[in-house]
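In full-length UniProt numbering, the protein residues as written are 1 to 111. Every residue gets a Cβ at the ideal spot worked out from N, C-alpha and C, and that includes glycine. Values in this document were obtained by computation on a predicted structure and should not be read as measured data.
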């Protein structure tokens, strides 16, 4: 009889231990889910913030913001070079127009 009580007691203890372990596992899962949910909420907030920031920027500024530092430096350098060349071309175009006008005046004065 005593052996039966001891066996039943041991089974009860084993049952309680397995329930406790299962409960701990469920608590751990719930904690991980809360952490993941918090991270997902933070990621959504960051996404909304970046989308808002990008929609308020000009297309060029939005493009520049996604470049790495090295790419941004190259892009800005090329843009500056292009602006200088455009200025020189515009100036040369004005000079050509002035020369053409002078040639027309010279031709009309010779006629």
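Secondary structure at residue 68: coil, using DSSP grouped into helix, strand and coil. For residue 17, the enclosing alpha helix (DSSP H) covers residues 2-56.
Pairing residue 64 with residue 72 gives a Cβ-Cβ distance under 7 angstroms. Rounded to whole angstroms, residue 53 and residue 75 show a C-alpha spacing of 21 angstroms.
Here the C-alpha atom of residue 33 lies approximately 12 angstroms from the C-alpha atom of residue 25. When secondary structure is reduced to three states using DSSP, residue 111 falls in the coil class, being assigned neither helix nor strand.
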